[in-house]
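Peer 1: Using UniProt numbering, the letters of the sequence shown correspond one by one to residues 1 to 116. All C-beta atoms in this analysis are idealised placements derived from N, C-alpha and C, irrespective of residue type, glycine included. Handing you this structure, nothing more for now.
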Amino acid sequence: MNSTSTKPAREILEKTKTALSKVPGVRWIMDPQMPFLIHCSWKPDRPSVQNAKLEWAKKQNGKHMCMLDPQDPIIWEMHVCKLHETSLCGIRLNRIRGAAIEYKKVAGDVMKAMNL
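Put into structure tokens, the structure is as follows:
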């Protein structure tokens, strides 16, 4: 699943983090070495980060991050990137583990929450 936008990469990254925090069951963490890569996980019947204040685990550069659980049934990455030879930025989703049907539903919910 991929999407493009005319918005700057940093704005897309902020919208992505906000959307991930709104979707129930999703946990995420920024990659420490690649600033535009987010590692994500999902587990059913877990509240959204926005509604679970005790779930905050780290703080980096003034931004809260939530630790993902490697035991979650769905794990994926979201990478914000600049598309060559265009003025567009894109977001690429890559499923690492989990059922494709569940992944598509969760990824679709995140993309809807982004409003790109």
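1) In this structure, how does DSSP classify methionine 30 when only helix, strand and coil are distinguished?
2) By how many angstroms is the C-alpha of methionine 30 removed from the C-alpha of glutamate 85?
3) If you draw a straight line from the C-alpha of leucine 116 to the C-alpha of proline 32, how long is it?
4) When you compare each of Arg97, Lys82 and Ser48 to lysine 17 by their alpha carbons, which one comes out closest?
5) Grab the span of the beta strand (DSSP E) containing proline 108 for me, first residue to last.
6) Run the CB neighbour count on leucine 13, radius 10 Å, all protein chains shown included, and call it buried at 16 or more, exposed below.
Peer 2: For this structure:
1) Residue state, collapsed to three classes: strand.
2) About 27 angstroms.
3) Their Cα atoms are separated by approximately 25 angstroms.
4) The candidate whose alpha carbon is nearest that of lysine 17 is Ser48.
5) Looking at the sequence shown, residue 108 is not proline but glycine. No beta strand (DSSP E) contains glycine 108, which is instead part of the alpha helix (DSSP H) from 100-114.
6) Within 10 angstroms of the beta-carbon of leucine 13 lie 16 or more other beta-carbons, which makes it buried.
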